[in-house]
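Worksheet for the structure shown next.
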Amino acid sequence: MEFFAVLPFRKYLDKPITINDSAGVQIGFIQRKYKSSWDKFINYLPLSFLETRNINGEDGEYDVKIREMSFKSNLIKLKWNVHLKDFNKKSTFLLEDKTKISTNPRMLYYKNNKEYIFKKDIFNRTCEIYLNDDYNTCAEIKIDKITPPSLGIKVKTNDLSAVELLGIYYIMNLIY
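The structure is reproduced here in C-alpha cells:
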C-alpha cells in the first residue's frame, strides 16, 4: 500500500497534515498538539529541552495519540507513549529514542511483543522500518521532494498503519 503526505515547512506549525492514498483520496491526518498557548510559545525558543512533541492523528479505523513522557523520565532517553484506539480496543505502546549520533537517528517502537526499528538515513532521504529480529523491511518512508517535504510511504505489512508510521516519522523529523 502506498500513501503520500506533505509535511509543513516550519516545524512548530500545528496545521493538519493530510495522508492521501495513491489515487489522491484523503484517508486520514496527523497534527501536532500543544497543551496550551504558553507551551506553543516555549516551542519558538531555541531551548530544545523545554519543547514537548505531541501528535494526534486518525484515519478510517485508527485513532493515534503520541504523548511525550514526563521531563523526569526523559532526562536520559526520550520516550513517548503511543495510544492506539481501534474500533474494539485501546492499546498503549512505547516509542523510545535509541540515537547515538544525530546524523544517524533511530527509534525503537514496541508494539504487540515486537520491536520495530525506525532508521532514518539523512543522506539517502529514506526511513526504513524493520523488525528487530530479522532485518526484513516492514515499511519505507521516502522524501520525494525537499521543499516542502513531501513523503511517499510504502507499507508492506498489516501490523503498522499509515497514521502510526507518519506520526512516528514526524516525531523523528521534529527532533532531528
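Here the sequence shown stands for residues 1 to 176, where the numbers follow the UniProt record's numbering. Glycine included, C-beta positions come from ideal geometry on N, C-alpha and C.
query                                                                                                                                                                          : result
Given that a residue counts as buried once 16 or more other Cβ atoms are within 10 Å of its Cβ, and exposed if not, what is SER24?                                             : The displayed chain sequence assigns Gly, not Ser, to residue 24. Exposed, since its Cβ has fewer than 16 Cβ neighbours within 10 Å.
What's the gap between the Cα of ASP86 and the Cα of LYS79?                                                                                                                    : 22 Å
Provide the residue(s) that pair with ILE17 in DSSP beta bridges, ordered along the chain.                                                                                     : ILE30
Counting along the chain, where does the beta strand (DSSP E) carrying GLY57 start and finish?                                                                                 : 54 to 59
I think LEU151 touches PHE4, with their Cβ atoms under 8 Å apart; what is that distance to the nearest whole Å?                                                                : 7 Å
Mapping the DSSP letters down to three states, classify LYS79 as helix, strand or coil.                                                                                        : strand
DSSP state of LYS156, grouped into three classes?                                                                                                                              : coil
Determine, using beta-carbon pairs with one atom in the segment 28 to 35 and one in the segment 154 to 171, whether at least three such pairs fall under 8 Å.                  : yes
Please name the residue in LYS119, THR52, ILE42 whose C-alpha comes closest to that of CYS138.                                                                                 : LYS119
Near LYS90, which residues of its chain fall below 8 Å by C-beta distance, leaving aside the five closest residues on each side in sequence?                                   : HIS83, LEU84
Give me, in chain order, the residues of the same chain whose beta-carbon lies closer than 7 Å to that of LYS154; leave out the 5 immediate sequence neighbours on both sides. : GLU2, ALA139, GLU140
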